[in-house]
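Report on one structure; see the data block that follows.
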Amino acid sequence: MRSIAFINQKGGVGKTTSTANVGACLAALGKKVLLIDLDPQANLSIHFGVNVQGKDSSVYHLMCGKKKASEVLIKTSVSGLDIIPSDIDLASAEVELVNTVGRETIVKFYIEEMLDMYDYVLIDCPPSLGLLTLNALTVANEIFIPLQTEFFALQGVSKLLQTFDVIKKRLNSKLEITGIIPCMYDSRTKLGQAVLDKIKEYFEDKVFATNIRKNIKLSESTSHGMPITEYAPESNGALDYQALTKEIIAQEEKYLKGAA
Ligand SMILES: Nc1ncnc2c1ncn2[C@@H]1O[C@H](COP(=O)(O)OP(=O)(O)O)[C@@H](O)[C@H]1O
Ligand SMILES: [Mg+2]
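In full-length UniProt numbering, the protein residues as written are 1 to 260.
What follows is the structure, encoded as structure tokens:
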């Protein structure tokens, strides 16, 4: 089982789009996938047409101990793809859990028993490095960082890396950054290429070879409540996320070889 958190404290860089579509592509290849929505905006849940607003049945209610993991788990329309959804109630978790012992590992505590049912657990993080992201980084053993290939792509990255170092030292020694995803890439501009070069200079071979190109179908698919592979299977967005998913699976052969 691989557990991967998609993090970047910047909003609008492609975290949710990547979590949703990598998840759907993995499931299409026969993998069992669990998605966890840890953003109070619930964009990942909405991406699969899942709305638990007002139903007291989101990851927040799991964190408060009011619901069991099996009670908040929802099967999406994609076969093999399940989701633990979020709702806006999650926005108060940070404050409400401030005196709770072990609050950084509370999600892990409640979902641990179901993890071995899955091949992949993918976690969508909010645009901050607060309690919810800390929870993601204690469930996950891997971090993928989506970066928008725009001028400010690397701004804030050193803060993110500092946070990673602290979590690895204090909370989760297994945690590794295993992938950088260049998102919203525009090959027609010099800037896109220049930023991509900078990203590769900084993160070297951690950067996936696949760039997710700018593709309007990706943003359209969200509002239709389906992944790109169902909404527009022939689009560049679908092709790019399929190529990225193949790379993600290929990482496993590399690790296995490394371990042998
Ligand atoms: N490759 C892309 N091309 C075009 N639009 C995209 C692409 N990736 C994401 N978007 C859109 O950009 C916005 C931000 O993406 P999102 O994945 O929600 O970012 P984050 O989760 O990091 O805030 C969304 O409206 C999404 O539909
Ligand atoms: Mg998001």
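For each residue, glycine too, the CB sits at the ideal point set by N, CA and C. It should be emphasised that the depicted structure is a prediction, and the values quoted were computed from it without experimental measurement.
Looking at the DSSP output, Gly179 bridges to Phe144. Taking C-beta separations shorter than 8 Å and ignoring five residues to either side along the sequence, the partners of Glu220 in its chain run Tyr231, Ala232, following chain order. For Phe6, the uninterrupted beta strand (DSSP E) segment begins and ends at 2 to 6.
Leu154 sits in coil when the DSSP states are folded into three classes, being neither helix nor strand.
Placement of the Cβ of Thr245 at a distance of 8 Å or more from every heavy atom of ligand 1 is found. Around the beta carbon of Asp39, a 10 Å sphere encloses 16 or more other beta carbons of the protein chains shown; the residue is thus reported as buried. Around the beta carbon of Asp165, a 10 Å sphere encloses fewer than 16 other beta carbons of the protein chains shown; the residue is thus reported as exposed. Distance from Leu62 to Val50 at the Cβ level is roughly 15 Å; contact not present, criterion being Cβ atoms closer than 8 Å. Here the alpha carbon of Phe151 sits roughly 12 Å from the alpha carbon of Tyr185. Taking the C-beta atoms as reference points, Asp124 is found nearer than 9 Å to Lys15. The C-alpha of Thr17 lies about 16 Å from the C-alpha of Ser86. Looking at the backbone, the Cα of Ala238 and that of Asn99 are separated by about 44 Å. Assignment of beta-bridge partners to Val207 by DSSP yields Ile180. By DSSP's assignment, Val195 forms no beta bridge with any residue. Here Asp205 is exposed, its C-beta having fewer than 16 other C-beta atoms within 10 Å. For Tyr60, the enclosing alpha helix (DSSP H) stretches over residues 59 to 63. Relative to Asn8, the option among Leu160, Thr149, Lys108 whose CA is nearest is Leu160.
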